[in-house]
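Notes for the one structure printed next.
Protein chains in written order, with our numbering: chain A, 1 to 416; chain B, 1001 to 1292.
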């Protein structure tokens, strides 16, 4: 007798539950691969997105040195994630290989994209089409030990304005003691040097790498000037002996001992030092050129893109547009002491108490990234012309020969 | 008829192993050969280029240097591993508790991954925090901590020390098994005839374990010619690319420079070299006592 009524309630309950779960049923899960060094920043953005959206992102961390292989084989096998975040330097090769979705229609008129650091926009554009956006930035800066500056009679609030002045400061700092060194660079690490040494050349007006076959690499007097100063500092013992063999393992370890005066580093060093060497009082500035007022930086970190074959390309595009908004840039990145990829957001409430981070964020705006195919062959490989030029010039002393040899080798690589 | 049925049954038993070899050895090898004749990149493509990769490889100074470095490394480390392994086997062959314990301790590093042990030794050799420098300074062998990785020869010796620590136990175990398999009556008879310890080693143990020594030498030499992890971790190919091994250069070309076709050609050349030396060793092994 009560059956129809019971069934009515049951039908109503079932209907309600179906409607209640409709958004959940239609929600999608997007996969995103990020390389390990950008995983922390990416995780904050993913968490923020997931907390406010029905469509969720699932993050997979890939070891840095496996990312290219994994993506390349993934694209060829048709097994790719919906989004991918990787070292921006691979962008030209990936764009040319047709690995990535064209995002021009989505980003061209986006006001947030317009504010992204120019270096990111440059590296993600190929034949007037946009294939990616800045995601988890890193940028090179100059750091100096303020205590050693004070002891050496230097102004601890001002870093060197030129590479010649850097040499002068390093000399004064090394004079404090045999175990105190003025300057450091990782002499067997091509990546560390393109990050910290090349901006000094670029700031001085040099052009380093050839973007296309026929381009003349290593143009400008600043290349020789920087190499000459580095060689002089090496010859004078201002740089620790271990620098010659350092493949990057001790890139910033020496600075954290408190016995090193000045070096180029990445923005990541600020939080590293604050966490692991809180007693070191250090200053941060732009990398200098060869004349006062010349500055530059190498913009690194990761770009985000959508690989061809993504199963949720439209949703992935929504995520890329969202990660450029003020909400994502400030609440996802700046709030967690991570640089936003829009330099105009450098002065924000989260960085207010740490001017060194503000300086770093501003370095993104003045920085460059080389747009070049075969970056690995030209720079990152352990036998690249870039690192061979540095080593021959600085450690062997043949500066002109080193530049000439590297020039030929780079032209040869660009022609392939 | 019966023979045919037996053959079919045998083939059935062999089928899983044959399938395994086909899928995981033959097919990849055929693909490797195919790739070596193309300009395939990790990023796609790959047109037929004939023998271009091979002619380029023979003119590649870095590959030649890497081959020569690999050969030097192999020539130096192999006798060390064999000699030390055999000496340890002589000392630990008796099945008494102390010898068994020593065998266990010496064998322990064998179970550690080569990557992990290389990283461990990388830090042990570190100029600032490494215990080796600290020890050498403390016993006044060094005036101050030295940088071990600035010269190719120093790098090679650092790697040789680390690899010897890691794998010497493997050779030792092989030699212990070989020594223990020798009939004790032979050595006892030699002792009665007045043979001293060196005579017993030289005239009895070495000849009767010759096949094991050749086998261990073959395994060790092939392993050294394929060296990669230890140099990748400890030297990064430096200084100045002087410690690239052949495999390291193949890795660089294939996965860092994306040149899969060229990397495949280099791999085939290295395979041919290893096969050549392996064939010599197998030939020698077949002529050793016990095979007649």
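All C-beta atoms in this analysis are idealised placements derived from N, C-alpha and C, irrespective of residue type, glycine included.
Just so you know, these numbers come straight off a predicted model, no measurement behind them.
Find out if the Cβ-Cβ distance for the pair residue 338 of chain A, residue 83 of chain A is shorter than 8 Å.
-> no
What's the call for residue 311 of chain A, buried or exposed, on a 16-neighbour Cβ count within 10 Å?
-> With fewer than 16 other Cβ atoms within 10 Å, it is exposed.
Can you give me the start and stop residues for the alpha helix (DSSP H) that residue 47 of chain A sits inside?
-> Its alpha helix (DSSP H) spans residues 39–52.
C-alpha gap between residue 152 of chain A and residue 1086 of chain B, whole angstroms | 59 Å
Proximal chain A residues relative to residue 954 of chain B, where beta-carbon distance stays under 8 Å = Examination of residue 954 of chain B is not possible in this model, given that chain B is present from 1001 through 1292 alone.
Compile a chain-ordered list of the residues in the region 1134–1157 of chain B whose CB is closer than 7 Å to at least one CB of chain A.
-> 1147, 1149 and 1150
What does DSSP give as the partner residues of residue 374 of chain A in its beta bridges?
-> Answer is none; residue 374 of chain A lacks a bridge partner.
Can the beta-carbon of residue 38 of chain A be found less than 8 Å from the beta-carbon of residue 91 of chain A?
-> no
Would the beta-carbon of residue 1268 of chain B fall within 8 Å of that of residue 1033 of chain B?
-> yes
At least one CB of chain B closer than 8 Å to the CB of residue 277 of chain A: is that the case?
-> no
So which residues on chain B does residue 72 of chain A lean against when the C-beta distance must stay under 7 Å?
-> 1042 and 1043
Just the Cα atoms here: how many angstroms apart are residue 1168 of chain B and residue 1105 of chain B?
-> Computed Cα separation, rounded: 11 Å.
DSSP beta-bridge partners of residue 88 of chain A | Looking at the DSSP assignment, residue 88 of chain A forms no beta bridge with any residue, so it has no partner.
Whose C-beta lies closer than 7 Å to the C-beta of residue 1260 of chain B among residues of the same chain, with five residues either side of it excluded?
-> Sequence-distant Cβ neighbours of residue 1260 of chain B in its own chain, meaning closer than 7 Å and more than five residues away, are 1035, 1040, 1041, 1042 and 1254.
Start and end of the alpha helix (DSSP H) containing residue 387 of chain A?
-> First-last of the alpha helix (DSSP H) with residue 387 of chain A: 385–391.
Specify whether the region 326–341 of chain A and the region 394–401 of chain A touch according to this definition: at least 3 beta carbon pairs, one from each stretch, less than 8 Å apart.
-> no
Taking all protein chains shown into account, decide if residue 239 of chain A is buried (16 or more other Cβ within 10 angstroms of its Cβ) or exposed.
-> buried
Straight-line CA distance for residue 258 of chain A to residue 141 of chain A?
-> Rounded to whole angstroms, the separation of the alpha carbons of residue 141 of chain A and residue 258 of chain A is 18 Å.
Taking three-plus beta-carbon pairs below 8 Å as touching, is the region 380–387 of chain A in contact with the region 173–180 of chain A?
-> no
For the alpha helix (DSSP H) holding residue 422 of chain A, just list the boundary residues, first then last.
-> Look at the range of chain A in this structure, 1 to 416, and you will see that residue 422 of chain A is not part of it.
From the DSSP output, in three-state form, read off residue 174 of chain A for me.
-> helix
Along the chain, where does the beta strand (DSSP E) that runs through residue 133 of chain A open and close?
-> Counting along the chain, the beta strand (DSSP E) containing residue 133 of chain A begins and ends at 133–145.
Select from the region 1255–1273 of chain B all residues with a C-beta closer than 8 Å to any C-beta belonging to chain A, and list them in chain order.
-> 1255, 1256, 1257 and 1258
Proximal residues, the region 233–250 of chain A versus chain B, C-beta separation under 7 Å = 241, 242, 244, 245 and 247
Could you tell me which residues DSSP puts in a beta bridge with residue 56 of chain A?
-> A:29
Please confirm if the region 1154–1164 of chain B is in contact with the region 1231–1240 of chain B, defined as three or more CB-CB distances below 8 Å between the two stretches.
-> By the Cβ criterion, the region 1154–1164 of chain B is in contact with the region 1231–1240 of chain B, since at least three pairs of Cβ atoms, one from each stretch, lie closer than 8 Å.
Could you confirm whether any beta carbon from chain A is found closer than 8 Å to the beta carbon of residue 1062 of chain B?
-> Yes, because at least one Cβ of chain A sits closer than 8 Å to the Cβ of residue 1062 of chain B.
Provide the residue span of the alpha helix (DSSP H) that contains residue 1104 of chain B, from first to last.
-> 1097–1107
Over what stretch of residues does the alpha helix (DSSP H) that includes residue 191 of chain A continue unbroken?
-> 190–196
Rounded straight-line distance, which links the Cα of residue 103 of chain A to that of residue 76 of chain A = 21 Å
With DSSP run on the structure shown, which of helix, strand or coil describes residue 1139 of chain B?
-> coil
Residue 307 of chain A to residue 128 of chain A span [Cα, whole Å] | 18 Å
Per-residue DSSP class, three states only, for residue 313 of chain A = helix
Contact set for residue 6 of chain A: own chain, Cβ-Cβ below 7 Å, skip 5 residues either direction = With a pLDDT of only 47 at residue 6 of chain A, under the threshold of 50, the placement of this residue in the model should not be trusted, and no figure is reported.
Residue range of the unbroken beta strand (DSSP E) whose run includes residue 260 of chain A | Start and end: 260–266.
When the Cα atoms are used, what is the spatial distance from residue 120 of chain A to residue 368 of chain A?
-> 9 Å
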